[in-house]
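Below is one structure, written out as structure tokens; the observations come after it.
Chains as they are written, first to last, in our numbering: chain A, 2 to 143; chain B, 5 to 304.
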């Protein structure tokens with residue numbers, strides 16, 4: 002029965018990069034990322050593809066069928082010759098997110114937002130911090 | 005002539021100063037190592053970002069209509085971003101930046117810009133530039149030795165806003181690039197408008213790379229033009245973040261060198277003072293012996 006599945010199947014070289022360094026750099030079987038046009042699943046031999054990612058969760062299915070979930074901020078994914086590159090500003094493994102800390106981060110962001118008032122620059126920074134904190138909580142709550 | 009006790013007091017004081025400078029040297033080198041690691045961690049991200057930008061630009065078939073790439077006339081207002089440290093005691097680190105920033109401002113004026121404003125990062129630059137009576141449109145501080153990506157975003161946000169609103173026609177950044185532990189060099193880069201050669205420079209060597217994609221044309225989501233529009237601000241974030249990181253590492257390296265020199269100088273000073281003290285002590289002893297001998301002679 003199992004012909005293409007199992008040891009035979011192809012693999013993807015996946016790199017998940019943030020400005021603070023690589024979060025994941027290994028082989029995987031499938032990448033599921035939240036593109037702006039909806040979630041995309043990438044399997045080996047995917048056509049060259051470049052997309053803008055929204056805040057959400059990126060899932061990697063490893064060769065041994067375990068799944069890793071990351072809470073990711075806005076970023077990019079690019080696929081070229083079975084190499085998948087995910088570029089995001091922040092990525093955290095769901096099983097390593099501290100819900101309590103994420104909650105305080107959210108509160109802090111909201112306080113900053115209230116404080117920012119007319120200052121556009123500070124407000125934009127506070128808004129993006131809030132969005133990320135919310136996303137962390139969403140991913141961990143799932 | 006200084007008495008033994010005076011000299012002893014001075015030696016003690018120099019010794020205490022040396023303790024402080026040595027501690028600062030050690031702290032700076034520990035932090036510098038960390039800052040260097042941060043630069044290393046950013047590199048793959050920045051490289052990948054460049055590649056994506058070049059691909060998107062190539063596939064969107066021209067970069068016309070993108071506001072951040074729009075060529076502007078060399079007139080009106082230009083902004084010089086001077087990235088300095090929050091603290092001094094780093095040799096010529098801050099002074100070099102300010103000097104270069106003023107030079108760049110003069111060049112911009114010579115090119116036809118009527119107004120040059122400064123955006124400063126770091127307390128030291130803000131202080132000096134304000135003292136010279138230049139106009140500062142915004143000053144960021146508090147993160148000079150450990151910048152985060154969010155800090156970089158704030159700076160970019162401010163600059164992009166001023167550029168896209170049309171009241172600024174050129175943005176140039178001046179920062180200390182981290183060459184090696186012993187060498188920092190002041191770099192000047194044009195940030196906005198993003199130059200064509202930068203957009204198409206895939207490998208970051210300063211040349212336009214025109215070669216085709218190996219695997220043909222990629223599917224873009226959303227289409228390549230829109231994608232490029234979204235990517236450019238992030239590219240600027242990355243550029244600023246890199247400049248901040250380099251500046252942080254350079255500041256720490258400069259401080260380390262300055263503090264090492266100070267420690268060495270303190271050592272030399274202590275040696276000199278110790279010699280002077282021994283001389284003074286010997287002179288005092290000789291004097292005393294002479295007095296005793298003279299007294300004994302007088303009794304005979």
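Heads up, the beta-carbon is just placed ideally off N, CA and C, and yes, glycines get one too. Keep in mind that this is a model prediction, so the values were computed, not measured.
Rounded separation between residue i and residue j - CA only
i                      : j                      : result
residue 15 of chain A  : residue 65 of chain A  : 15 Å
residue 42 of chain B  : residue 153 of chain B : 11 Å
residue 271 of chain B : residue 89 of chain B  : 28 Å
residue 165 of chain B : residue 82 of chain A  : 38 Å
residue 2 of chain A   : residue 31 of chain A  : Per-residue confidence for residue 2 of chain A stands at a pLDDT of 42, beneath the threshold of 50, marking its modelled position as unreliable; the derived number appears in the next sentence. Distance between the alpha carbons of residue 2 of chain A and residue 31 of chain A is about 21 Å.
residue 255 of chain B : residue 277 of chain B : 32 Å
residue 68 of chain A  : residue 61 of chain A  : 6 Å
residue 19 of chain B  : residue 264 of chain B : 14 Å
residue 160 of chain B : residue 235 of chain B : 13 Å
residue 128 of chain A : residue 157 of chain B : 12 Å
residue 47 of chain B  : residue 54 of chain B  : 11 Å
residue 104 of chain B : residue 193 of chain B : 12 Å
residue 92 of chain A  : residue 21 of chain A  : 10 Å
residue 63 of chain A  : residue 31 of chain B  : 42 Å
residue 79 of chain A  : residue 23 of chain B  : 53 Å
residue 36 of chain A  : residue 24 of chain A  : 19 Å
residue 121 of chain A : residue 132 of chain A : 16 Å
residue 134 of chain B : residue 127 of chain B : 11 Å
residue 11 of chain B  : residue 274 of chain B : 10 Å
residue 21 of chain B  : residue 13 of chain B  : 13 Å
residue 219 of chain B : residue 45 of chain A  : Model confidence at residue 219 of chain B stands at a pLDDT of 46, short of 50, so the residue's coordinates are unreliable; what they give is reported in the following sentence. Rounded to whole angstroms, residue 219 of chain B to residue 45 of chain A spans 14 Å at the Cα level.
residue 7 of chain B   : residue 269 of chain B : 23 Å
residue 75 of chain A  : residue 25 of chain B  : 44 Å
residue 119 of chain A : residue 11 of chain A  : 53 Å
Three-state class that DSSP yields for residue i in the structure shown
i                      : result
residue 204 of chain B : coil
residue 75 of chain A  : coil
residue 286 of chain B : helix
residue 90 of chain B  : coil
residue 229 of chain B : helix
residue 10 of chain B  : helix
residue 118 of chain B : coil
residue 82 of chain A  : coil
residue 237 of chain B : helix
residue 147 of chain B : coil
residue 157 of chain B : helix
residue 293 of chain B : helix
residue 45 of chain A  : coil
residue 91 of chain A  : coil
CB contact check: residue i to chain A, cutoff 9 Å
i                      : result
residue 221 of chain B : yes
residue 62 of chain B  : no
residue 218 of chain B : For residue 218 of chain B, the pLDDT reaches just 48, beneath the cut-off of 50, and the residue's location in the model is therefore unreliable, although a value from the coordinates is still provided. So, interface residue.
residue 48 of chain B  : yes
residue 59 of chain B  : yes
residue 98 of chain B  : no
residue 161 of chain B : yes
Residue j beta carbon less than 9 Å from that of residue i
i                      : j                      : result
residue 17 of chain A  : residue 26 of chain A  : yes
residue 93 of chain B  : residue 28 of chain B  : yes
residue 177 of chain B : residue 84 of chain B  : yes
residue 64 of chain B  : residue 179 of chain B : no
residue 141 of chain B : residue 118 of chain B : no
residue 175 of chain B : residue 145 of chain B : no
residue 203 of chain B : residue 50 of chain B  : no
residue 113 of chain B : residue 102 of chain B : no
residue 36 of chain B  : residue 260 of chain B : yes
residue 29 of chain A  : residue 140 of chain A : no
residue 106 of chain A : residue 130 of chain A : yes
residue 70 of chain B  : residue 170 of chain B : no
residue 248 of chain B : residue 147 of chain B : yes
Any C-beta of chain B under 9 Å from that of residue i
i                      : result
residue 50 of chain A  : yes
residue 126 of chain A : yes
residue 81 of chain A  : yes
residue 56 of chain A  : no
residue 41 of chain A  : yes
residue 137 of chain A : no
Listed by chain order, chain A residues near residue i by CB distance under 7 Å
i                      : result
residue 245 of chain B : 20
residue 52 of chain B  : 18, 86, 88
Contacts of residue i in chain A (Cβ-Cβ under 9 Å)
i                      : result
residue 153 of chain B : 19, 20, 21, 90, 91
residue 242 of chain B : 20
residue 38 of chain B  : Going along chain A, no residue has its Cβ under 9 Å from residue 38 of chain B, so there is no contact; the nearest lies around 12 Å.
residue 33 of chain B  : Chain A residues near residue 33 of chain B: none, gap ~21 Å exceeds 9 Å.
Contacts of residue i in chain B (Cβ-Cβ under 8 Å)
i                     : result
residue 38 of chain A : 225, 226
Residues that residue i contacts on chain B, provided the C-beta gap is smaller than 9 Å
i                      : result
residue 77 of chain A  : 52, 53, 56, 231, 234, 235, 238
residue 130 of chain A : 154
residue 53 of chain A  : 224, 225, 226, 230, 231, 234, 235
Near the ligand SAM: residue i beta-carbon under 8 Å from a heavy atom
i                      : result
residue 150 of chain B : You won't find the ligand SAM in this model; it holds no ligand whatsoever.
Chain A residues whose Cβ lies nearer than 8 Å to that of residue i
i                      : result
residue 165 of chain B : 121, 122
residue 17 of chain B  : Neighbours of residue 17 of chain B on chain A: none; closest Cβ ~44 Å, over 8 Å.
residue 45 of chain B  : 20, 21, 22, 23
Residues of the region 129 to 158 of chain B with Cβ closer than 7 Å to any Cβ of chain C, in chain order: Among the protein chains in the structure shown, which are A and B, there is no chain C.
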